[in-house]
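S.K.:
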Amino acid sequence: MTVSHPLPAQRPPIVSARSPSARLALLAIGVLLLSLSSYVAIPMAPVPITMQTLAVTLVGALYGWRMGTVSVAVWLALGAAGLPVLADGGSGLQKFMGPTAGYLFAFPLAAALAGGLVQRGWDGGRLGLAFAAMLAATALCLLFGGAWLAVTIGWEKALMKGVAPFVPGGVIKSLAAALVLKVVHAHGYGRAPYGGADSA
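According to my numbering, the sequence shown is numbered sequentially starting from 3.
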């Protein structure tokens with residue numbers, strides 16, 4: 003006889019709002035955080051090192067998969083429209099066709115993954131699981147980014163220039179994000195019982 007183990011019910015987001023104005027405020031804060039993270043950059047070719055993945059995973063983790071994904075999508079849309087909110091103040095549609103496009107397209111998915119896992123209990127109450135969630139979201143960015151880059155420069159160069167240099171930083175940023183979640187959890191946020199839907 004097989005005993006099934008259903009997935010844990012989804013928790014509400016750690017940070018959420020009910021009123022439209024409060025949601026817009028959260029959205030603005032998320033977009034601002036993502037934009038500021040783009041300016042913390044170490045120039046490298048063809049892909050710079052930034053704090054974007056840390057911001058993306060944290061926004062997803064704190065806002066929940068739905069609001070987190072929307073926040074990242076709005077940020078990217080503003081960048082595509084010409085606002086200097088991407089890496090090193092970059093902007094324009096050309097960024098979504100250049101060597102870093104794979105990472106940009108991966109960011110909404112990474113936010114959704116981070117948010118979804120945290121809402122399933124991979125949160126600051128379990129540091130190991132929180133770290134694994136952030137690391138999985140970061141790895142998703144590297145996977146998409148490396149695959150896109152490989153189309154133009156080949157797999158070997160893509161791994162050497164677009165993936166390998168970012169692994170140590172990705173691990174450190176994932177740990178930093180998990181520690182932020184632990185601090186947030188220790189202060190009483192994100193302890194709502196299971197069963198609520200993403201209210202964002």
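Where a beta carbon is used, it is the ideal one built from N, C-alpha and C, also for glycine. A quick note: this is a predicted structure, and the numbers were derived from the prediction, not measured.
#1: Can you grab the Cα-Cα spacing for the pair residue 14 / residue 155, in whole Å?
#2: Look at residue 147 and residue 49 and say whether their C-beta atoms are less than 8 Å apart.
#3: Using alpha carbons as the reference points, say which of 163, 131 and 170 lies closest to residue 183.
#4: If you measure between the beta carbons of residue 70 and residue 113, is that distance less than 8 Å?
#5: For residue 63 versus residue 141, is the C-beta spacing smaller than 8 Å?
#6: Taking all protein chains shown into account, decide if residue 187 is buried (16 or more other Cβ within 10 angstroms of its Cβ) or exposed.
#7: Mapping the DSSP letters down to three states, classify residue 179 as helix, strand or coil.
#8: To the nearest angstrom, how far is the alpha carbon of residue 67 from that of residue 124?
#9: Which residues share a DSSP beta bridge with residue 44?
#10: Name the two residues that bound the continuous alpha helix (DSSP H) containing residue 136.
#11: Under a Cβ-count criterion, where at least 16 other Cβ atoms within 10 Å of its own Cβ denotes burial, should residue 96 be classed as buried or exposed?
#12: Which value, in whole angstroms, describes the spacing of the CA atoms of residue 174 and residue 27?
#13: Give the C-beta separation of residue 151 and residue 160 to the nearest angstrom, bearing in mind that I take them to be a contact with Cβ-Cβ under 8 Å.
#14: Could you pull out every residue in the same chain whose Cβ sits closer than 7 Å to the Cβ of residue 2, ignoring the five residues on either side in sequence?
#15: Rounded to the nearest angstrom, what separates residue 181 and residue 133 at their Cα positions?
#16: Let me know the secondary structure DSSP gives residue 3 once reduced to three states.
M.R.: To lay it out plainly:
#1: Rounded to the nearest whole angstrom, the CA to CA distance from residue 14 to residue 155 is 42 Å.
#2: Taking 8 Å as the cut-off, the beta carbon of residue 147 is found closer than this to the beta carbon of residue 49.
#3: Taking residue 183 as reference, the option from 163, 131 and 170 with the minimal CA-CA separation is 131.
#4: Closer than 8 Å, so yes.
#5: At the C-beta level, residue 63 and residue 141 stay beyond 8 Å of one another.
#6: Per the 10 Å Cβ criterion, buried.
#7: Residue 179 falls in the helix class under three-state DSSP.
#8: So the alpha carbons of these two residues sit roughly 13 Å apart.
#9: Residue 44 is bridged to 51.
#10: Under the DSSP assignment, residue 136 falls in the alpha helix (DSSP H) whose first and last residues are 129-155.
#11: Result: exposed.
#12: The straight-line gap separating the alpha-carbon atoms of residue 174 and residue 27 is approximately 29 Å.
#13: Your pair residue 151 and residue 160 checks out as a contact, with CB atoms roughly 4 Å apart and the cut at 8 Å.
#14: Examination of residue 2 is not possible in this model, given that the chain is present from 3 through 202 alone.
#15: Annotation: residue 181 to residue 133 spans about 8 Å, alpha carbon to alpha carbon.
#16: Note on residue 3: pLDDT 46, under 50, position unreliable in the model; the coordinate value appears next. In this structure, residue 3 counts as coil in the three-state DSSP scheme.
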